[in-house]
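The structure appears right after this line, and notes come after that.
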């Protein structure tokens, strides 16, 4: 009878058992991200009575975005002008995706994990400070100093002295039924909002037909993904479409190694206005960054391949925005950070891509990866709706190893274990002042990267990334 498995990701093994360990790691490459994880995520089902294993860390929630609109009448010089205000984007917790933030222990490190969160539970920053094989306490701090105003416009619907709000609504633009219900009300005021590909099937109905009778049109021309979902239900397939997502699956009792997030991807919203003579006319086209139907990704928060490394993941309203890697007191020019497709459509090939983060190009590479994964997802939906085999595009060149890095990870970890067993001179003390400065709430940032660690000479501005407050 085999011994029960320990719930840990980084257990050293005797040399004679390493061949079996390598094989197990290869089979679990989709979960074992290049290195040993410090933090993992476990789905928290609201039907479960058990609490998170790492009770002190609690849970976090993936965000989703809703749109706020308002029909406003403005009186000026004796005339009334009717306008549609918005849409304003508001990030709210997606209660279908609540996860325990579990600490994954390692016998080669002494770790203490502390988590601070606000009531909405959206991540703002995850930092890991790792000294492998030392008596130095390893800090992992997950701060959710979430500011609703960050990157958001003010909520709409407030009335000025000469204005009156006739109708206001908050909608998930990927909820086709609720969008149709909103448009039923909006058409009385001469407005219609369409999220192309998600509001209705343009192959079976046109814009005028939909805007004149949204709910009736929807009954005859639902979005294509609805048909794909029906095919799956009938075939008892296990694929999950992004509008009805399941939690990322885990093997046995193991937590998913990493912090989960959904990238905000571009979507076009059409705002139409009724012209009594010519029908519905396009009044405005807006490009919005929304995460609601994006693939759920896992970004690795790994124990360092080096003896001393600090990793900082910055989140904007729960979505990864920047990655800062430090070795010693200098910003590392490039390091490989693993990203994993955790969920979305489980029929999607297990795609593990190593993104080589460089301070001058990290946003571009991260965006290319996220776009590639979204394209994979879109092609899978189209193929399922049309009952055909998908045509999957090649992964972008992200500057890192794009193969499943099981053997690379195994070799690196074995080297760490070997080095830890032979070399007792690894650093055991880190500058107290530097550590206090980094983990202080008042620590200054340089384009999202703490200057106390990088230093002005090694910090490089990231194009398009505003300086943090």
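Residue numbers (our numbering): 11 to 479. Where is the CB? At the ideal position from N, CA and C, for every residue including glycine.
From the options, pick the residue whose C-alpha is nearest to that of residue i; which is it?
i           : options            : result
residue 220 : 191, 273, 236      : 191
residue 104 : 306, 389, 390      : 306
residue 294 : 222, 401, 94       : 94
residue 211 : 188, 404, 401, 395 : 395
residue 236 : 404, 393, 400      : 393
residue 187 : 272, 224, 217      : 224
residue 269 : 98, 110, 96, 87    : 110
residue 274 : 218, 397, 376, 229 : 376
residue 184 : 217, 232, 172      : 232
residue 289 : 217, 74, 379       : 217
residue 92  : 70, 198, 107       : 198
residue 106 : 74, 276, 208, 277  : 74
residue 387 : 98, 298, 238, 297  : 238
residue 196 : 296, 99, 284, 379  : 284
residue 487 : 272, 400, 98, 229  : No answer is possible for residue 487: it lies beyond the span of the chain, which begins at 11 and ends at 479.
residue 240 : 277, 70, 401, 397  : 397
residue 208 : 277, 374, 389, 172 : 277
residue 172 : 296, 389, 90       : 90
residue 279 : 70, 296, 271       : 296
residue 70  : 108, 84, 88, 272   : 108
residue 206 : 272, 374, 298, 378 : 298
residue 178 : 401, 83, 271       : 83
With 16 other CB atoms within 10 Å as the buried threshold, where does residue i fall?
i           : result
residue 176 : exposed
residue 174 : exposed
residue 213 : exposed
residue 72  : buried
residue 101 : buried
residue 193 : buried
residue 86  : exposed
residue 282 : buried
residue 291 : exposed
residue 301 : buried
residue 227 : buried
residue 287 : exposed
residue 96  : buried
residue 189 : buried
residue 234 : buried
Identify every residue that forms a DSSP beta bridge with residue i.
i           : result
residue 289 : 285
residue 394 : Answer is none; residue 394 lacks a bridge partner.
residue 80  : 95, 178
residue 300 : 275
residue 269 : 309
residue 376 : The partner list for residue 376 (beta bridge, DSSP) is empty, contrary to what the question assumes.
residue 201 : 283
residue 387 : None, per the DSSP bridge assignment.
residue 401 : DSSP output for residue 401 lists no bridge partner at all.
DSSP three-state label for residue i, please.
i           : result
residue 343 : With a pLDDT of 41 at residue 343, under the threshold of 50, the predicted position of this residue should be treated as unreliable, though the coordinate-derived value follows. Coil.
residue 230 : helix
residue 217 : helix
residue 295 : strand
residue 193 : helix
residue 236 : helix
residue 381 : helix
residue 212 : coil
residue 29  : Low local confidence applies: a pLDDT of 34 at residue 29 is under 50, so the model's placement there is unreliable, with the coordinate-based value given in what follows. If DSSP states are grouped into helix, strand and coil, residue 29 belongs with the helices.
residue 206 : coil
residue 101 : strand
residue 184 : coil
residue 73  : strand
residue 223 : coil
residue 85  : strand
residue 123 : Residue placement at residue 123 is poorly supported in this model, since its pLDDT is 39, which falls under 50; the coordinates still yield a value, given next. Strand, per DSSP.
Does the CB of residue i have a neighbour CB from chain C at under 8 Å?
i           : result
residue 231 : Among the chains in the structure shown there is no chain C, since it carries only a single protein chain.
Are the region 291 to 310 and the region 78 to 86 touching by the rule of at least three beta carbon pairs closer than 8 Å?
no
Taking contact to mean at least 3 C-beta pairs separated by less than 8 Å, is the region 183 to 202 in contact with the region 371 to 390?
no
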